[in-house]
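Take 3 as the starting number for the sequence shown in the numbering used here and just add one per residue. Ideal placement from N, C-alpha and C gives every residue a C-beta, glycine not left out. On a predicted model such as this, the values are computed, not experimentally measured, just so you know.
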Amino acid sequence: MRIDVLTIFPDLFTGFLATSIPANAIESGALSCHVHDIRIHAANRHRKVDDRPFGGGPGMVMMCQPIFDAVKAAESVTSQSTDGCPATNIVRVLLSPQGERLTQPRVEWLAQQPHLLLLCGHYEGIDERVIEELNPLEISLGDYVLSGGELGAMVLIDAVARLQAGVLGHEDSAAEDSFSVRSSEGAPLLDCPHYTRPREWNGREVPEVLLSGDHQAVARWRDAQRIERTQTRRPDLLQDCLLKDTQCDRSILTHPRPLLTAKQNIAAEHVATPTRTPEASFKANDLHG
Ligand SMILES: C[S@@+](CC[C@H](N)C(=O)[O-])C[C@H]1O[C@@H](n2cnc3c(N)ncnc32)[C@H](O)[C@@H]1O
């Protein structure tokens with residue numbers, strides 16, 4: 003998988019891409035990540051990428067031209083390179099507080115795309131006309147405002163990198179993480195609690211069953227914990243299910259689904275369809291292969 007990032011702060015990505023899971027994914031060849039400085043494409047002497055808003059008001063707005071040229075340059079390089087994908091396969095993503103809120107099903111869908119182009123806004127945002135022209139999938143980290151899209155791009159890179167085949171070790175398998183494990187009704191469940199040595203810490207004991215050596219009992223306890231935690235902490239995840247009947251889907255847990263085929267396991271109703279994304283369209287049917 004290839005990810006191109008367009009930003010006015012490329013240095014922010016240096017440490018991030020050299021550390022932990024993103025670094026593993028890059029080193030293993032599962033991911034290639036290319037960070038581009040939008041300023042290089044500013045058609046003015048001072049490399050200015052922003053200007054005052056028409057109609058007045060506070061802040062600055064990122065101009066159309068540098069962003070459009072940066073996108074075209076990144077896409078033309080990759081469509082010509084031997085390891086690149088044709089430009090038509092690129093999913094353009096704009097990080098935006100006004101976008102679709104990022105969820106695990108969307109992450110799983112993005113992780114299956116061969117090529118993402120992540121566009122990071124700044125200041126008051128980006129001139130609306132270039133957004134209309136590029137027609138990206140708009141993704142939000144949540145209902146709060148950040149200063150720029152870079153943190154969102156990093157979140158997205160990390161989330162898709164850990165789903166690439168071979169990137170996580172077996173013991174870190176993503177298949178048993180929160181939102182990947184599903185109830186028998188298909189609702190995403192939170193993960194169970196985890197413990198490590200020592201057996202007693204600060205007067206607190208590890209649950210006895212985890213020390214029993216009885217693998218089936220441990221699995222049953224973990225399933226029950228997943229369901230109880232989801233019921234108490236995130237009942238909204240179970241909204242379509244009868245809480246009293248909720249069970250963990252053992253077929254998913256005992257045969258963790260292969261990474262990157264998650265689309266076969268995702269219920270369509272858990273995913274919203276973006277409105278402005280013909281080329282990045284994410285139809286409910288896509289999830290059923
Ligand atoms: C200060 S914000 C602009 C906010 C914009 N004026 C609004 O209220 O919708 C600057 C940039 O940060 C990024 N950003 C801010 N909050 C975000 C969020 N919740 N999710 C994703 N990106 C966000 C976007 O790229 C945005 O263009």
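Quick one: is residue i buried, meaning 16 or more other Cβ sit within 10 Å of its Cβ, or exposed?
| i | result |
| --- | --- |
| Ala-20 | exposed |
| Arg-164 | buried |
| Glu-77 | buried |
| Val-162 | buried |
| Glu-130 | exposed |
| Arg-235 | exposed |
| Pro-190 | buried |
| Glu-152 | buried |
| Val-147 | exposed |
| Thr-16 | exposed |
| Arg-199 | exposed |
| Leu-120 | buried |
| Ala-113 | buried |
| Arg-228 | buried |
| Arg-224 | buried |
| Leu-213 | exposed |
| Gln-241 | exposed |
| Ser-22 | exposed |
Give me the residue from the options with the minimum Cα distance to residue i.
| i | options | result |
| --- | --- | --- |
| Pro-195 | His-124, Ala-226 and Gly-31 | Ala-226 |
| His-36 | Leu-14, Met-65 and Asp-6 | Asp-6 |
| Val-79 | His-38, Leu-14 and Asn-46 | His-38 |
| Ala-45 | Arg-54, Gly-59, Pro-55 and Cys-66 | Cys-66 |
| Asp-160 | Glu-110, Gly-205 and Asp-238 | Glu-110 |
| Leu-14 | Gln-115, Cys-122, Arg-206 and Gln-106 | Cys-122 |
| Leu-104 | Gly-171, Asn-91 and Asp-145 | Asp-145 |
| Ala-221 | Leu-239, Asp-251, Gly-205 and Arg-206 | Asp-251 |
| Leu-239 | His-172, Pro-55, Asp-216 and Gly-188 | Gly-188 |
Taking C-beta to C-beta, are residue i and residue j nearer than 8 Å?
| i | j | result |
| --- | --- | --- |
| Ala-176 | Ser-185 | no |
| Phe-18 | Pro-12 | no |
| Arg-108 | Pro-138 | no |
| Gly-57 | Glu-126 | no |
| Glu-102 | Glu-135 | no |
| Ala-75 | His-117 | no |
| Ala-27 | Val-157 | no |
Excluding the 5 residues preceding and the 5 following residue i in the sequence, name in chain order all residues of the same chain whose CB lies nearer than 7 Å to its CB.
| i | result |
| --- | --- |
| Thr-256 | For Thr-256, the predicted structure reports a pLDDT of 46, less than 50, and the residue's modelled location is therefore unreliable. The matter cannot be settled from this model. |
| Ile-40 | Leu-8, Thr-9, Ile-10, Val-51, Pro-68, Ile-69 and Ala-72 |
| Ala-219 | Val-211 |
| Ser-30 | Gly-168 and Val-169 |
| Arg-49 | Arg-41 |
| Asp-53 | Met-62, Val-63 and Met-65 |
Can you name, in chain order, every residue of its own chain whose Cβ lies under 6 Å from the Cβ of residue i, other than the five neighbours on each side?
| i | result |
| --- | --- |
| Gly-154 | Leu-97 and Leu-143 |
| Gln-249 | Ser-186 |
| Asp-193 | Asp-179 and Ser-180 |
| Arg-4 | Ser-34 and His-117 |
| Ile-128 | Met-64 |
| Arg-231 | Leu-192 |
| Val-132 | Cys-66, Ile-69 and Phe-70 |
| Gln-106 | Phe-181 |
| Gln-115 | Val-93 |
With a threshold of 8 Å on Cβ separation, who are the neighbours of residue i within its own chain once the five nearest residues in sequence on each side are excluded?
| i | result |
| --- | --- |
| Ser-149 | His-124 |
| Val-208 | Tyr-197, Arg-201 and Glu-202 |
| Gly-100 | Looking at the sequence shown, residue 100 is not Gly but Gln. For Gln-100, where only same-chain residues beyond five positions count, the Cβ hits under 8 Å are Glu-140 and Ser-142. |
| Thr-84 | With a pLDDT of only 49 at Thr-84, under 50, the local geometry of the prediction cannot be trusted, and no value is derived from it. |
Nearest chain D C-beta to residue i closer than 8 Å, yes or no?
| i | result |
| --- | --- |
| Leu-121 | Chain labels in this structure do not include chain D; a single protein chain is all it has. |
Sequence ranges, beta strand (DSSP E) only - wholly within the segment 52-110, length at least 3: You should have 92-103.
Unbroken stretches of the alpha helix (DSSP H), 4 residues or longer, contained in the segment 119-145: Those alpha helix (DSSP H) runs which fall completely within the segment 119-145 and span 4+ residues are 130-136.
Any alpha helix (DSSP H) of 4 or more consecutive residues that is wholly inside the segment 167-251: The segment 167-251 contains these whole alpha helix (DSSP H) runs: 217-235.
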